[in-house]
Amino acid sequence: MAAGPAPIMTDAADGGRNSMSSTGLMRAASDELQMPATLRWYLAHERAILGTLVVMLFLIGWEGLERGWWADALRPLLGASAERLRLKPIFISSPTLIAAAAFRMFFVTGEIWRDLAWSGVGYVLGLGLASRSAFRSASPRAGIGASPTRSNRCSRRSTPRRKSHSCR
Amino acid sequence: MLAALNATPQVAFLPLIVVWVGTGLGERVLIIFLLAVLPLAINAHAAVRTTDPRLVKVASSLGAGDWRLFRTIILPSSVPFLLAGLRLAIGRGMIGVVVGEIYGSAAGVGAMINQAGARFQTDKVFVGVLTIVAVGVILVEIVQRIERRVDVWRAPA
Chain A
150 MAAGPAPIMT
160 DAADGGRNSM
170 SSTGLMRAAS
180 DELQMPATLR
190 WYLAHERAIL
200 GTLVVMLFLI
210 GWEGLERGWW
220 ADALRPLLGA
230 SAERLRLKPI
240 FISSPTLIAA
250 AAFRMFFVTG
260 EIWRDLAWSG
270 VGYVLGLGLA
280 SRSAFRSASP
290 RAGIGASPTR
300 SNRCSRRSTP
310 RRKSHSCR
Chain B
53 MLAALNATPQ
63 VAFLPLIVVW
73 VGTGLGERVL
83 IIFLLAVLPL
93 AINAHAAVRT
103 TDPRLVKVAS
113 SLGAGDWRLF
123 RTIILPSSVP
133 FLLAGLRLAI
143 GRGMIGVVVG
153 EIYGSAAGVG
163 AMINQAGARF
173 QTDKVFVGVL
183 TIVAVGVILV
193 EIVQRIERRV
203 DVWRAPA
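Line by line, the protein sequences are chains A and B. My numbering puts the first residue of the first sequence at 150, with every later residue one more than the last. My numbering puts the first residue of the second sequence at 53, with every later residue one more than the last.
Take a look at the structure:
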């Protein structure tokens, strides 16, 4: 019996199991074309926009705690207890103070470069030593890298010549 | 041995390290080494263990030497493990820098954070912390780029 042409599977025919059918894709594409340009741009950059928004809200909230914005705004509602929302700068700094300190330390006094260099030397040496040691400790397990030891030579079962003279 | 060392809080060795090598560069290098070596070693051992033994056997039977075996078979198959270990080690090394310098150093970002904290200069403390975070993020990003470059031949999972 000759097989006829394969039927075109639609969303309805496959019971919606295959959500990426051609009809569904075409419908999605046409829907997308009918969207306003602003909405299309938002959907394309949704993650970045929402991420930036959350960070901005966090920074504004923090700045408000240090400057007393929230204490001033909520005093009519909470009375004197709203002062608990005003934090002293020695306990928690603010984003603007931190930015100013960073600018001063990096570009005016340059004091942080010396500290960074001092920390960097130790970091590079420590990490380099750790990488080297870790690799050297792992290498003999496969019989590679390090100079051949007795155990390395014995683990190489595919070389009977070596086995014969050193692994007895 | 590695598991036992991994379960040990390596920072607890800091007083001993200070007694042995004093404060300064040696102390910082040693604490960074202690913190960073374990993720690297565990991943390197796992990497070597997961290398396909058939490939090693074939290469050996075709006369590949140790160095060639390493360069053409062991290293390519180990790269994801090694770089994952390196990513972990970068973070732990940062902890080592700060802890080592807080404990016994007059210079460095950790010492600066410690001194600024003692003077209630919280803005300087945050600058130090954010600087360390930024350096860590940059280093991890570099490792990820290297990983993407050297691991391009591997089929996506």
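A virtual CB, placed ideally from N, CA and C, is assigned to each residue, including glycine.
For Phe178 (chain B) against Ile247 (chain A), the beta-carbon gap comes to about 5 Å, under 8 Å, which counts as contact. Around the beta carbon of Arg80 (chain B), 16 or more other beta carbons sit within 10 angstroms, so the residue counts as buried. Following the DSSP letters along the chain, one finds Phe252 (chain A) inside the alpha helix (DSSP H) bounded by residues Pro244 to Phe252. Under the three-state reduction of DSSP output, Phe240 (chain A) falls in the coil class, being neither helix nor strand. Look at Arg200 (chain B): its C-beta is not under 8 Å from any C-beta on chain A.
Between the beta-carbon of Ile84 (chain B) and that of Gly271 (chain A) there is about 6 Å, and that keeps the pair under the 8 Å contact cut. Under the Cβ criterion of 8 Å, Asp104 (chain B) is not counted among the residues facing chain A.
Secondary structure of Thr258 (chain A) (DSSP, three-state): coil. Asp118 (chain B): member of the alpha helix (DSSP H) spanning Asp118 to Leu121, first to last residue. Judged by DSSP secondary structure, Leu188 (chain A) falls within the alpha helix (DSSP H) whose first and last residues are Ala186 to Ala193.
In the structure shown, Val161 (chain B) falls within a helical segment according to DSSP collapsed to helix, strand and coil. Ile126 (chain B): not part of any alpha helix (DSSP H); DSSP gives it neither H nor E. For the segment 57-84 of chain B, the set of positions with a beta-carbon nearer than 8 Å to some beta-carbon of chain A reads Leu77, Arg80, Val81, Leu82, Ile83 and Ile84 in chain order. Residue environment for Phe207 (chain A): exposed (fewer than 16 other C-beta atoms within 10 angstroms of its C-beta). The C-alpha of Arg196 (chain A) lies about 22 Å from the C-alpha of Val185 (chain B).
The alpha-carbon of Thr245 (chain A) is positioned some 42 Å away from that of Ala93 (chain B). Interface criterion not met: the Cβ of Thr124 (chain B) is under 8 Å from no Cβ in chain A. A distance below 8 Å separates the beta carbons of Trp267 (chain A) and Ala159 (chain B). In the structure shown, Thr172 (chain A) adopts helical secondary structure according to DSSP, grouped into three states.
Neighbours of Asp203 (chain B) in chain A, taken as residues whose beta carbon is under 8 Å from its own, are absent, since the nearest beta carbon is some 18 Å off. In the three-state DSSP reduction, Phe207 (chain A) falls in the helix class (H, G or I).
Ranking A:Gly228, A:Ala222, A:His194 and A:Arg235 by CA distance to the CA of Leu214 (chain A) puts A:Arg235 first.
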